[in-house]
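So the structure is just underneath, and the comments pick up after that.
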Amino acid sequence: MDLHKRQSICFHTAQHLTLPPPPDKDASNESGLPRRLIINIVIPQGEPSMNPLAKAVLDGPCFQVVTVYTATGASLKEWRDEGSNAAKLFARFIENAPSGVLPSSGDIDVKERLKIIPWIENVKTVGLPSWLEGYNGKPALITKSGSITRGDDYIEITMNLFRFGFLTRKGMHHLLPGVGAFELHCALTIEGREDDELDERCFIACKARNLDLIGLAKEGVLPS
294 MDLHKRQSIC FHTAQHLTLP PPPDKDASNE SGLPRRLIIN IVIPQGEPSM NPLAKAVLDG
354 PCFQVVTVYT ATGASLKEWR DEGSNAAKLF ARFIENAPSG VLPSSGDIDV KERLKIIPWI
414 ENVKTVGLPS WLEGYNGKPA LITKSGSITR GDDYIEITMN LFRFGFLTRK GMHHLLPGVG
474 AFELHCALTI EGREDDELDE RCFIACKARN LDLIGLAKEG VLPS
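Residues 294 to 517 in the numbering used here are what the sequence shown spells out, letter by letter.
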């Protein structure tokens, strides 16, 4: 995991970082799926304006939390070959979701089905306000907030929280100073909507501790 502090968003962090090689780097990848997945979460540093007439801020000073996940080509092929609805939907997302920020063509429907499920395990210990506790563990669709970049045996998914709703951004800003005390779980899935797309399965899941963004985020690692 890399923590970055920036004055503007870097949407393609993979080109500036040394990515870990796939665990089977010397083997060919016959799965049709990338062996590396980069998740780039963009969190605004500032508090959102309460002025309803204020112009929407979609970029600016931010923290970026970058995590890299790897899998062997054999395990990806085995998952895909099992033919589950979740594997088919994930393959559709990987292959057809259009790249770029706010793409105007391509399979936008599947791109906007990316769903994040955050859960704070020690919510009582950290004293989360009741108005925020109700959101704990609730899935959230990453629609126009998401963007995709593809590279050599990897795909990078950026989630731009500047584009989230006011209450979510307000909540995130409230949580920032204390997030280092959280035992935070996070998972991602692609939302199934038809019978032949269910049941859903998470394609990544992680747990983070001591995620002190304010204290640990580094400046200058990602070029402007």
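Just so you know, even glycine gets a beta-carbon here, dropped at the ideal spot from N, CA and C.
| query | result |
| --- | --- |
| Can you name, in chain order, every residue of its own chain whose Cβ lies under 7 Å from the Cβ of residue 443, other than the five neighbours on each side? | 392 |
| Do the stretch 469–485 and the stretch 405–419 touch if we need at least three Cβ pairs shorter than 8 Å? | yes |
| Identify every residue that forms a DSSP beta bridge with residue 487. | In DSSP, residue 487 forms no bridge with anything. |
| Please say whether residue 322 and residue 359 have beta carbons closer to each other than 8 Å? | no |
| In the structure shown, what three-state DSSP assignment does residue 357 receive? | strand |
| Please name the residue, chosen from 351, 506 and 463, that lies closest to residue 343 on a Cα-to-Cα basis. | 463 |
| What residue does the alpha helix (DSSP H) around residue 305 start on, and which one ends it? | Element bounds for residue 305: n/a, residue is neither H nor E. |
| Just checking my contact of residue 453 with residue 335 at CB under 8 Å: how many whole Å lie between their CB atoms? | 5 Å |
| Quick check on residue 335: does DSSP put it in helix, strand or coil? | strand |
| If I measure Cβ to Cβ from residue 305 and keep anything under 7 Å in the same chain, skipping five residues before and after, which residues do I get? | 442 and 449 |
| Going straight from the alpha carbon of residue 460 to that of residue 419, what length do you get? | 20 Å |
| Thinking C-alpha only, which one of 456, 478, 297 and 445 is nearest residue 308? | 445 |
| Using DSSP with H/G/I as helix, E/B as strand and the rest coil, what is residue 365? | coil |
| Per DSSP, which one or two residues make a beta bridge with residue 412? | 478 |
| Between residue 503 and residue 312, what straight-line distance do the alpha-carbon atoms span, to the nearest angstrom? | 23 Å |
| Can you check whether the CB of residue 310 is closer than 8 Å to the CB of residue 506? | no |
| Within 10 angstroms of the Cβ of residue 424, are there 16 or more other Cβ atoms? Answer buried if so, exposed if not. | exposed |
| Tell me the DSSP secondary structure of residue 426 in three-state form. | helix |
| Mapping DSSP to helix, strand and coil, what is residue 433? | strand |
| Let me know the beta strand (DSSP E) ranges lying completely inside the stretch 443–470, each 3 residues or longer, listed in chain order. | 447–453 |
| Pick from 437, 337 and 302: whose alpha carbon is nearest that of residue 470? | 337 |
| Tell me which residue opens and which closes the beta strand (DSSP E) that residue 234 is part of. | The requested residue 234 does not occur in the structure, where the chain is confined to residues 294 to 517. |
| Buried or exposed: where does residue 430 fall if 16 or more other Cβ atoms within 10 Å of its Cβ makes it buried? | exposed |
| Spatial neighbours of residue 510 within its chain, please: CB distance less than 7 Å, with the 5 preceding and 5 following residues excluded, ordered by chain position. | 296, 297, 298 and 356 |
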